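Here's the structure we're looking at; comments come further down.
There are 2 protein chains.
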Amino acid sequence: MIKIVVDAMGGDNAPVEIVKGAVKALEQRKNFSVILTGDEALIRAELKQYKYDESRVEVVHCSEVITNEEAPTHAVRAKRDSSLVVGLKLLREREDVVGFVSAGSTGAVLTGGIMFVGRIKGVMRPALCPALPNSRGTRTLLCDCGANAECKPAYLAQFAVMASAYAKAAYGMKEPRVGLLTNGTEEHKGDPLHQEAHALLKETGGINFIGNIEGRDIMFGDADIAVADGFSGNIALKAIEGCGKTVSEVLGREFKKSLGSKLSYLFAKKQIGSLKKMLDYNAMGGSVFLGLKKIVIKSHGSSTAKSITPSVVQAVDAYEGGLINKLTEAFAELGLAEGGDE
Amino acid sequence: MIKIVVDAMGGDNAPVEIVKGAVKALEQRKNFSVILTGDEALIRAELKQYKYDESRVEVVHCSEVITNEEAPTHAVRAKRDSSLVVGLKLLREREDVVGFVSAGSTGAVLTGGIMFVGRIKGVMRPALCPALPNSRGTRTLLCDCGANAECKPAYLAQFAVMASAYAKAAYGMKEPRVGLLTNGTEEHKGDPLHQEAHALLKETGGINFIGNIEGRDIMFGDADIAVADGFSGNIALKAIEGCGKTVSEVLGREFKKSLGSKLSYLFAKKQIGSLKKMLDYNAMGGSVFLGLKKIVIKSHGSSTAKSITPSVVQAVDAYEGGLINKLTEAFAELGLAEGGDE
């Protein structure tokens, strides 16, 4: 049976919500088991609260935790017995372990992922790729959304190839439409980085490049994949997140203003619920860290069980869909694997 | 009496909605009159439909129109009798004309603005600055949002000074909080451009710099001004716009699903209305093009009367608040006026 390692100590709500989310994921997919890394006593105390198939849960004790305040590179080097490093090493070393999920320090997950799991041959820069909701009811993958603040045109072309493989493997998309996120749809738009990336994307085989897209197209779903440099991709992601939260907040406020408005809420509950569900980033799962030899998923630092569960399910689905093979093959076919590391 | 020129032929809904919006603005402020540039016959035909003080409306006939399809620099040079160029020249030449509003080609407004109105002494790059809604019920100014896809650190520092003057003049803010839009709040975040801009902003006098902010902080209103390079600022703006439109669309869809849901809408109409109003970019007015010697406002290309009216009012208010003087003084006090043009 395949296994997903979950860093039980990572994130603001660890270990309580992480353990809960992992256990709940067992109900959604029957073909995997989970390994929880972290303080065994704490984890066992949490596990006691739930009914689950004990044969599908393993706990690996570790004595250390990496916090958000630590410098990532130093932390993953120094804290070899941390839940994050131990988890990543299990992922690298054990063949039955196929995925890793953490809500811990983004920097540590990225640095540790590259250091302990390693890049697929030819991948210059692994990239973070969340799957955002859109108005069509499908997902828009945004790649990169923060792993690489500084990019070269060739990185962006690789992001397109990696995200296309992911869209096929995890979301069953046939010919995912790839758009380049810029400040206008015309071909000449953007700074030199994006102008060169545009030219390169047009020449890249194996992807369905549809041209430049704008910030609004992410939510409209006019592309399946938005390729971005990690700097502006991060700004887009967080702008959308902020908008979603603000909408939920304003609605909450409006419907609490008076007895009458509270009553109105009862009538509109279902419709408001649909909207909130669409905007709820917690239910979306995490961002896959594309380009590594195995599946690594970064869940939001403020993750509750509600977001850990889909992150774990996402890891299982991406494995079942053959993400790593698809990505490796795509790089080989395009001759990118020959390019080697920069 | 001060005058605002309105380009009656600019935008997707010209001249019908532009003329209507301009006439409606006369009701909101009593201290100005309007000059409409464009095809006189068409404009007069529209004007006939409204009751207004005829002494407050002037029409200046022009025979040409600049479209979105034309190369901006060529168009503003070649079409000297276009509603846009004639309007900008009136702004430059007549002392009683204090502002210009257009929903026409952004590129032509920017190029024409710099060419015919000119930059304030010391301004390296004029910048587009819309005033976005936020969850606090105030405005967040986003500067630049698209005039300059490529920036240098010094431009970003100037955007902060210009937007601060605007926040004081047009929105009565006392010490507007300036944040630098990046991919994380920590000081070291971002690419070299934003790292250098951060250092420069810390040293810039006369502004209230609060550090780096993220995409979500725009809607949260955690800063009054978000300073951005025009590339990522544009992406942030459009991502938020897209999110707002998607929310309105999803709500519309949900409440039309069945007779029951249509009924629900009647109960929740007021609350939904408040949300939609907050997200309605049309009611926000346009983006001021900061750094020019007079007030130039770019209204959305799809502007209806509903967005032309606040754009015109915005021009009046910015003038009354002393925008140009405040900006000129700020540059002089900081010694930036000495720097001269790049």
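Just so you know, the sequences run in chain order A and B. For the first sequence, this note's numbering assigns the number 8 to the initial residue and increments by one for each residue that follows. For the second sequence, this note's numbering assigns the number 8 to the initial residue and increments by one for each residue that follows. Just so it is clear, CB atoms sit at the ideal spot from N, CA and C, and this is done for glycine as well. Computed from a predicted model, the values in this text were never measured in an experiment.
- Along the region 55–78 of chain B, none of the residues has a CB nearer than 7 Å to a CB of chain A.
- At a cut-off of 8 Å, the C-beta of C250 of chain A has a neighbouring C-beta in chain B.
- Taken in chain order, the whole alpha helix (DSSP H) runs of length 4 or more contained in the region 45–114 of chain B are 47–54, 79–85, 90–100.
- For the C-beta of I242 of chain B, the chain A residues within less than 7 Å are, from N- to C-terminus, L188, N190, G222, S239, I242, A243.
- Beta-bridge analysis with DSSP links P133 of chain A to no other residue.
- The DSSP-derived three-state label of G218 of chain A is strand.
- Contact annotation for G153 of chain B against chain A: N190, G191 [CB-CB distance below 9 Å, chain order].
- By the 16-neighbour rule on beta-carbons within 10 angstroms, S309 of chain A is exposed.
- Spanning the alpha carbons of L282 of chain A and K276 of chain B requires a straight line of approximately 15 Å.
- For A29 of chain B, no chain A residue has a C-beta closer than 7 Å to its own C-beta; the minimum C-beta separation is roughly 27 Å.
- In this structure, A243 of chain B keeps its C-beta atom at 8 Å or more from the C-beta atom of I121 of chain A.
- Residues A134, C150, L297, G298, L334 of the same chain have their beta carbon placed closer than 7 Å to that of M169 of chain A, with the five preceding and five following residues left out of the count.
- The count of Cβ pairs closer than 8 Å, one atom from the region 30–40 of chain A and one from the region 311–321 of chain A, reaches three, so the stretches are in contact.
- Not a single CB atom of chain A sits nearer than 8 Å to the CB of I232 of chain B.
- Cα atoms of A290 of chain A and D198 of chain B: separation of roughly 31 Å, rounded to the nearest angstrom.
- In this structure, DSSP gives T211 of chain B a state outside helix and strand, which the three-state scheme calls coil.
- If you check each beta-carbon in the region 109–138 of chain B against every beta-carbon of chain A, none falls closer than 8 Å.
- At a cut-off of 8 Å between beta carbons, D198 of chain A contacts chain B.
- Straight-line spacing of the CA atoms in S109 of chain A and K305 of chain A works out to 5 Å.
- Taking 8 Å as the cut-off, the Cβ atoms of A233 of chain A and I220 of chain A count as close.
- For the pair V323 of chain B and V116 of chain B, the CB atoms are not nearer than the 8 Å cut-off.
- The residues N215, in chain order, have a CB closer than 8 Å to that of E182 of chain B in the same chain once the five nearest residues on each side in sequence are set aside.
- Pairing G222 of chain B with Y57 of chain B, the inter-Cα distance amounts to about 43 Å.
- T147 of chain B and G240 of chain B do not touch by the CB rule: their CB atoms are close to 12 Å apart, not below 8 Å.
- Looking at the backbone, the Cα of S70 of chain A and that of D46 of chain A are separated by about 6 Å.
- Chain order gives the chain B residues near V257 of chain A as S142, S281, L282, M285, where near means a beta carbon separation below 8 Å.
- A direct Cα-to-Cα measurement between V295 of chain A and D14 of chain A gives close to 15 Å.
- When DSSP reads this structure, V12 of chain B sits in a beta bridge with B:I42, B:F107.
- Exclusion of the five residues before and after K301 of chain A leaves L98, V124 as the residues of its chain whose Cβ lies within less than 6 Å of its Cβ.
- Around the beta-carbon of R84 of chain B, fewer than 16 other beta-carbon atoms lie within 10 Å, marking it exposed.
- Contact of S268 of chain B with chain A by beta-carbon distance below 8 Å involves K277, Q278.
- Residue-level contact by beta carbon fails for A170 of chain B and chain A, as no gap is shorter than 8 Å.
- For the pair T145 of chain A and S90 of chain A, the CB atoms are not nearer than the 8 Å cut-off.
- Proximity to A138 of chain A across A:F262, A:Y59, A:D287 peaks at A:D287, based on C-alpha coordinates.
- For S271 of chain A, a Cβ of chain B is located within less than 8 Å of the residue's own Cβ.
- Around the beta carbon of D103 of chain A, fewer than 16 other beta carbons lie within 10 angstroms, which makes this residue exposed.
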